[in-house]
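Enquirer: In full-length UniProt numbering, the protein residues as written are 1 to 335. The beta carbon of each residue, even a glycine, is placed where N, CA and C say it ideally should be. I'd like to ask you about the structure that follows.
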Amino acid sequence: MATDVVQMDDELKARIEQIYGLTIARTEVLHDTSRTLVVKLETEQGTYLLKSIYVNEARLRFILDCEQFLRSSGIQIPAIRKTQGDQLFFSWKWKHYVLQEWICAVPWTKSPEDMAVWMAGLIGQVHFRSKTYLPEEKESDNGLLSWDNEYQDVQSFLDRWREAGTSAKKKNRKAVRKQLDVFLAAAREVQVRLAIRLGDRTLSGALPPVISHNDFHTKNVLITAQDEAYLIDWEFVRLDGPSRDLNRILHSLIKKTAEWDEAVFERIRDAYMAEHPLTEDELHFVYLDLAFPHNLYRYLYWKRFDRMPLERVQRILEAEAAKTAYFLQEASVPL
Numbered sequence: 001m002a003t004d005v006v007q008m009d010d011e012l013k014a015r016i017e018q019i020y021g022l023t024i025a026r027t028e029v030l031h032d033t034s035r036t037l038v039v040k041l042e043t044e045q046g047t048y049l050l051k052s053i054y055v056n057e058a059r060l061r062f063i064l065d066c067e068q069f070l071r072s073s074g075i076q077i078p079a080i081r082k083t084q085g086d087q088l089f090f091s092w093k094w095k096h097y098v099l100q101e102w103i104c105a106v107p108w109t110k111s112p113e114d115m116a117v118w119m120a121g122l123i124g125q126v127h128f129r130s131k132t133y134l135p136e137e138k139e140s141d142n143g144l145l146s147w148d149n150e151y152q153d154v155q156s157f158l159d160r161w162r163e164a165g166t167s168a169k170k171k172n173r174k175a176v177r178k179q180l181d182v183f184l185a186a187a188r189e190v191q192v193r194l195a196i197r198l199g200d201r202t203l204s205g206a207l208p209p210v211i212s213h214n215d216f217h218t219k220n221v222l223i224t225a226q227d228e229a230y231l232i233d234w235e236f237v238r239l240d241g242p243s244r245d246l247n248r249i250l251h252s253l254i255k256k257t258a259e260w261d262e263a264v265f266e267r268i269r270d271a272y273m274a275e276h277p278l279t280e281d282e283l284h285f286v287y288l289d290l291a292f293p294h295n296l297y298r299y300l301y302w303k304r305f306d307r308m309p310l311e312r313v314q315r316i317l318e319a320e321a322a323k324t325a326y327f328l329q330e331a332s333v334p335l
C-alpha cells in the first residue's frame with residue numbers, strides 16, 4: 001500500500017522542499033525495499049521521482065556518471081533535477097537521494113518476439129555509444145574481471161543444489177535434476193573453451209567492455225505516447241561484455257514464451273549487430289557466455305520454479321537446454 005512521505009518522515013519532506021525549492025502537494029511510495037526507496041512526488045513545480053539507492057557514494061557517482069555519459073550521447077534516460085546548490089544528489093541520515101523527471105509511460109503493444117528484437121537494437125545503441133566511456137577508476141565496476149569467479153560460483157551452486165535439491169517442490173525438483181547434468185557439463189565446457197580462446201590475452205583485452213545495464217528487461221524500458229523509449233533503473237550498471245544484456249533479453253523471452261526459437265534469436269542478433277557490430281572474435285566470446293547456465297542459476301537461486309506448474313518448468317528447462325546447445329554449437333564453428 002502506498003504511504004505518504006509526510007507520514008514516513010516530515011523532516012525528509014521539508015529537506016526536499018528546501019534543497020530543491022519545491023512545494024510538495026502529494027507523495028506516493030512506489031517501492032520501499034532493502035535495496036531502494038522510490039517515491040512519486042507531485043509538486044506545484046511539476047511531478048518528479050525521488051529515488052534512494054542504498055549504495056555508497058562512490059558507487060552512486062559511478063551510476064550517475066554512466067547515465068550522464070549515455071544521455072550526452074543521445075540515449076533517453078530520465079533527466080536529473082539538480083539541487084539548488086547544483087548537486088546531482090543530496091544525503092540525509094546516511095542515505096543518498098536523487099530527484100528525476102517523471103516519465104508518463106504507455107503499455108507495450110509488441111509481441112514478446114518483436115519486443116525482444118526491438119530491445120536488442122536499443123541496447124545495441126547503448127553499447128555502441130558507450131565504447132568511448134572512460135570511468136575515473138579503470139578497474140572500477142568492470143564485470144569482465146570477475147567472469148572466472150562468477151562461473152565458478154555458479155557451478156559450485158549448481159553442484160550443491162544437485163546434492164541438496166531443496167530449491168523447488170518435489171516434482172519440479174526432479175524435473176530440474178533430470179536436466180542438471182546437461183547444464184553442468186555446459187558450464188565446464190564454456191570455461192575450458194573460454195580459456196583456450198583467450199590464450200595469453202585477458203578477457204577485458206579481447207572483449208572491450210561496454211556500459212552494461214545489467215538488469216535489462218521490459219519493466220526497465222518506458223515507452224511514452226510520443227514513442228520515445230526511456231531506460232530506467234541503472235543501479236546494477238557496470239562495465240561488462242555485450243552478452244550480459246543480451247542474455248537478459250533471452251531470459252525474459254524464454255520466461256514469457258517457454259520456448260527456444262533459433263530464427264527469433266537470429267533476428268535479435270541482427271538487430272543488435274546493426275547498432276553495435278562485433279568482430280568474429282568478439283561474437284565468439286558472446287556465444288560462449290550465452291551458452292553458460294546463468295539463467296538456470298537465476299531460476300534456482302530465486303526459487304522461481306517453486307511458483308510454476310510442472311509442465312511450465314519442463315518447457316523452460318527444455319528451452320534453456322536447446323538454447324545452450326545452440327550456442328555451444330555456434331561457438332564451436334571456426335570464425
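According to DSSP, simplified to helix, strand and coil, what is T43?
Expert: Strand at T43.
Enquirer: At which residues does the beta strand (DSSP E) containing R59 begin and terminate?
Expert: Per DSSP, R59 belongs to no beta strand (DSSP E); it is in the alpha helix (DSSP H), 57-72.
Enquirer: With DSSP run on the structure shown, which of helix, strand or coil describes D261?
Expert: If DSSP states are grouped into helix, strand and coil, D261 belongs with coil.
Enquirer: Rounded to a whole number of angstroms, what is the C-alpha to C-alpha distance between Y97 and R307?
Expert: For Y97 and R307, the distance between alpha carbons rounds to 35 Å.
Enquirer: Please list the segments of the alpha helix (DSSP H) lying wholly inside the stretch 177-245, counting only runs of 4 or more residues, in order along the chain.
Expert: Runs of the alpha helix (DSSP H) inside the stretch 177-245: 203-206.
Enquirer: Tell me the DSSP secondary structure of K93 in three-state form.
Expert: Coil.
Enquirer: Tell me the DSSP secondary structure of Y133 in three-state form.
Expert: Coil, per DSSP.
Enquirer: Hey, out of Y326, I16, P242, whose CA is closest to D281's CA?
Expert: Nearest of Y326, I16, P242 to D281, Cα basis: P242.
Enquirer: By how many angstroms is the C-alpha of S130 removed from the C-alpha of L50?
Expert: Distance between the alpha carbons of L50 and S130 is about 26 Å.
Enquirer: To the nearest angstrom, how far is the alpha carbon of T109 from that of L290?
Expert: Their Cα atoms are separated by approximately 27 Å.
Enquirer: Is the stretch 113-125 touching the stretch 245-253, taking contact as three or more C-beta pairs under 8 Å?
Expert: Yes, since at least three Cβ pairs between the stretch 113-125 and the stretch 245-253 fall closer than 8 Å, the two stretches touch.
Enquirer: Could you spell out the range, first to last residue, of the alpha helix (DSSP H) harbouring I80?
Expert: Premise fails: I80 is in no alpha helix (DSSP H) and is neither H nor E.
Enquirer: At which residue ranges does the stretch 263-295 contain complete alpha helix (DSSP H) runs of 4 or more residues, listed in the order of the chain?
Expert: Taking only runs of at least 4 residues, the alpha helix (DSSP H) segments lying wholly in the stretch 263-295 are 280-291.
Enquirer: Would you call N149 buried or exposed, if buried means 16 or more other Cβ atoms sit within 10 Å of its Cβ?
Expert: The residue in question, N149, is exposed, as its Cβ has fewer than 16 Cβ neighbours within 10 Å.
Enquirer: Does the count of Cβ pairs from the stretch 82-98 and the stretch 10-30 closer than 8 Å reach three?
Expert: Enough Cβ pairs lie closer than 8 Å, so yes.
Enquirer: Smallest Cα separation from A187: which of L317, D159, R71?
Expert: Ranking L317, D159, R71 by Cα distance to A187 puts D159 first.
Enquirer: CA-CA distance, K40 and T33?
Expert: Near 15 Å, if we compare the C-alpha coordinates of T33 and K40.
Enquirer: Is H31 a contact residue of the ligand NAD, with contact defined as CB to any heavy atom under 6 Å?
Expert: Ligands displayed in this structure: none; no statement on the ligand NAD is therefore possible.
Enquirer: Have a look at the DSSP bridge pairing and note the partners of R26.
Expert: DSSP output for R26 lists E42 as bridge partner(s).
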